[in-house]
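One structure is given below, encoded as structure tokens.
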Amino acid sequence: MEAGVFKWPWNMKLEKPYRSCFTLLIDDYAPWRVLRPQIDYPLSFFRDLNSVFERNGLSCAKYSICPLADGINWMEDEGYRGFVEELVAAQDMGISIGLEGLTHYLVYDFCSKTLTNLREADLFNNGSEEQIYEYLKGGVEILERKGLRSSGFTSPFFCGDQINAYRAFNRLGWVWSFNTMGKDQGNDPVLRHGTVCNLPSYWKSPDLFGGGGAPPPTEVREDLARACINAAYLDGEMCALYTHFEGIFFSGALDKLEDLLKWVKEREDIWMASPEEIANFWVAKENLRYQLAVQHDTVKNILYIRGYFTSTRAKNLALWVVPPPGKKISEAKIFYDKKEFKDIPLVDKGDYIVMVIETKNRKNCDITAYLEKHE
Numbered sequence: 082m083e084a085g086v087f088k089w090p091w092n093m094k095l096e097k098p099y100r101s102c103f104t105l106l107i108d109d110y111a112p113w114r115v116l117r118p119q120i121d122y123p124l125s126f127f128r129d130l131n132s133v134f135e136r137n138g139l140s141c142a143k144y145s146i147c148p149l150a151d152g153i154n155w156m157e158d159e160g161y162r163g164f165v166e167e168l169v170a171a172q173d174m175g176i177s178i179g180l181e182g183l184t185h186y187l188v189y190d191f192c193s194k195t196l197t198n199l200r201e202a203d204l205f206n207n208g209s210e211e212q213i214y215e216y217l218k219g220g221v222e223i224l225e226r227k228g229l230r231s232s233g234f235t236s237p238f239f240c241g242d243q244i245n246a247y248r249a250f251n252r253l254g255w256v257w258s259f260n261t262m263g264k265d266q267g268n269d270p271v272l273r274h275g276t277v278c279n280l281p282s283y284w285k286s287p288d289l290f291g292g293g294g295a296p297p298p299t300e301v302r303e304d305l306a307r308a309c310i311n312a313a314y315l316d317g318e319m320c321a322l323y324t325h326f327e328g329i330f331f332s333g334a335l336d337k338l339e340d341l342l343k344w345v346k347e348r349e350d351i352w353m354a355s356p357e358e359i360a361n362f363w364v365a366k367e368n369l370r371y372q373l374a375v376q377h378d379t380v381k382n383i384l385y386i387r388g389y390f391t392s393t394r395a396k397n398l399a400l401w402v403v404p405p406p407g408k409k410i411s412e413a414k415i416f417y418d419k420k421e422f423k424d425i426p427l428v429d430k431g432d433y434i435v436m437v438i439e440t441k442n443r444k445n446c447d448i449t450a451y452l453e454k455h456e
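Throughout the sequence shown, residue numbering follows this note's numbering, covering 82 to 456 in sequence.
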């Protein structure tokens, strides 16, 4: 008699958990780049990129924004309204929206509305929780005024895992960050503080779709991208590939990117999800995994399965339960409080039963499973 939680969500179509996970981390959303002002690409590129995801019914990406690139509040400049509208369109499709610092390079002073001499990377690495929170809140408010909801953070130049930064992220309601490479922490998500998960880029992968800093165009390595996805699949890991908007554009990589997304989608047992979806799932799953307990009431012939998880928007959080010898589970209910409960659909896998539960707005996992004799 035992119970556990599957590493990845339950695949309803295949009636088994997904084997691995895939997401795409795209950095530097801005009409121009602070370090390379010669870069300027048309609004049509962002429309075309959104169309790639829309055509394929996918949202497995995050767009990281520099709202004050070069110290200029371009998001509230009427001349760049179209760029913001494409961000809203991406958000409506389910693509995660996050901040990449505010300027990407130097700290912005909201009082004087000028750049300082302090690097953002130094602030995120060494600042206090309150300093980081107040600074990033200014960026969040810019996004909110444009109808955008940020769910995470990308660190310029891979700042690392400074605990004060994660406390600030948690206060801002963020659930994901992209601060490290897989070689530093492994390829799977890591729960850092509260409900914040750090999602590393896959450890063997460089910038695969053109490279940051373009132009000039650089080689597009879709062969390496597929190799990374295959390796993560064999190991049952997350494969988060990263790239830059300007790299995709100047290297003409949209078609190759779409081909890759179609190739992954055809695999069916790779979970293609946004960073927000992945983080919500991982937080709920890890909390439940660490605190799950099973008790057998032999008099009433009932299994009590109890645990705790942080309330998130996670989907398809699946438990596996091995009943006592000679018994099988005939039905199960999950109780959210003393009055509210819901029947749990059961998937009979022979030696064990799978239960798929909801986590939205819930904190307690209190399951009653009724047993009967198994012939």
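For each residue, glycine too, the CB sits at the ideal point set by N, CA and C.
- Under a 10 Å Cβ-count criterion, ARG226 is classified as exposed, with fewer than 16 other Cβ atoms of the shown protein chains found around its own Cβ.
- Non-local beta-carbon contacts of GLN243 in its own chain, meaning distances under 6 Å to residues more than five positions away in sequence, involve ASN206 in chain order.
- Under the criterion of beta carbons closer than 8 Å, ILE351 and ARG100 qualify as touching, at roughly 7 Å.
- The residue from ASN268, ILE386, LYS381, VAL221 with its alpha-carbon nearest to that of ARG370 is ILE386.
- Residue pairing by DSSP puts GLU453 in a beta bridge opposite LYS409.
- For the pair GLU439 and CYS192, the Cα-to-Cα distance works out to about 45 Å.
- Two segments are said to touch when three or more pairs of C-beta atoms, one from each, lie closer than 8 Å; by this definition the segment 319-339 does not touch the segment 365-382.
- Residues PRO112, LEU124, PHE127 of the same chain have their beta carbon placed closer than 7 Å to that of PHE164, with the five preceding and five following residues left out of the count.
- Between the segment 269-283 and the segment 372-381 there are fewer than three C-beta pairs closer than 8 Å, too few to call the two in contact.
- The DSSP assignment places complete beta strand (DSSP E) segments of no fewer than 3 residues inside the segment 222-283 at 233-235, 257-259, 271-274, 277-279, in order along the chain.
- When the alpha-carbon of LEU342 is set against those of GLU300, MET353, GLU327, the nearest one is in MET353.
- By the CB criterion at 8 Å, ASN268 and TYR283 fall inside the cutoff.
- Taken through DSSP and simplified to helix, strand or coil, VAL380 comes out as coil.
- Within its own chain, the residues whose Cβ lies closer than 7 Å to the Cβ of MET82, once the five positions on either side in sequence are excluded, are VAL375, HIS377, VAL403, PRO404, PRO405, listed in chain order.
- Boundaries of the beta strand (DSSP E) around LYS143: 142-146.
- The Cβ atoms of GLU159 and ILE223 do not sit closer than 8 Å to each other.
- Between the alpha carbons of ALA84 and ASP316 lies a distance of about 23 Å.
- Of the other Cβ atoms in all chains shown, 16 or more fall within 10 Å of the Cβ of ARG273; this residue is therefore buried.
- Between GLY233 and VAL256, the beta carbon gap of about 6 Å places them in contact (Cβ cut-off 8 Å).
- Closest option to TYR189, judged by alpha-carbon separation, among LYS408, THR449, GLU201: GLU201.
- DSSP, read as helix, strand or coil, puts SER177 in strand.
- Spatial neighbours of ALA171 in its own chain (CB-CB distance under 6 Å, excluding positions within 5 residues in sequence) are listed in chain order as ASN131, TYR144.
- Here the C-alpha atom of ASP340 lies approximately 17 Å from the C-alpha atom of LEU106.
- As the crow flies, the alpha-carbon of ALA306 is around 24 Å from that of MET174.
- For VAL437, the closest alpha carbon among the candidates LYS420, LEU452, GLU412, ILE153 is that of GLU412.
- Between ASP429 and VAL435, the alpha-carbon positions lie close to 7 Å from each other.
- TRP401: member of the beta strand (DSSP E) spanning 398-403, first to last residue.
- For ASP424, the closest of LYS414, PHE326, PRO356, LEU217 by C-alpha to C-alpha distance is LYS414.
- Annotation: GLY388 to TYR216 spans about 37 Å, alpha carbon to alpha carbon.
- In this structure, the CA atom of PHE87 is about 6 Å from the CA atom of LEU400.
- Around the beta carbon of TYR451, fewer than 16 other beta carbons lie within 10 angstroms, which makes this residue exposed.
- The three-state reading of DSSP puts ARG302 in coil, since its state is none of H, G, I, E or B.
- Only residues of its own chain outside the window of five on either side were considered, and among them ASN361, PHE362, ALA365, THR440 have a CB closer than 6 Å to the CB of ALA395, listed in chain order.
- Cβ-Cβ distances below 8 Å link LEU95 to GLU349, ASP350 in the same chain, with the five nearest sequence neighbours on each side left out; the list follows chain order.
- As summarised for the segment 181-213, the continuous beta strand (DSSP E) elements at least 3 residues long and confined to that stretch are 187-190, 195-200, given in chain order.
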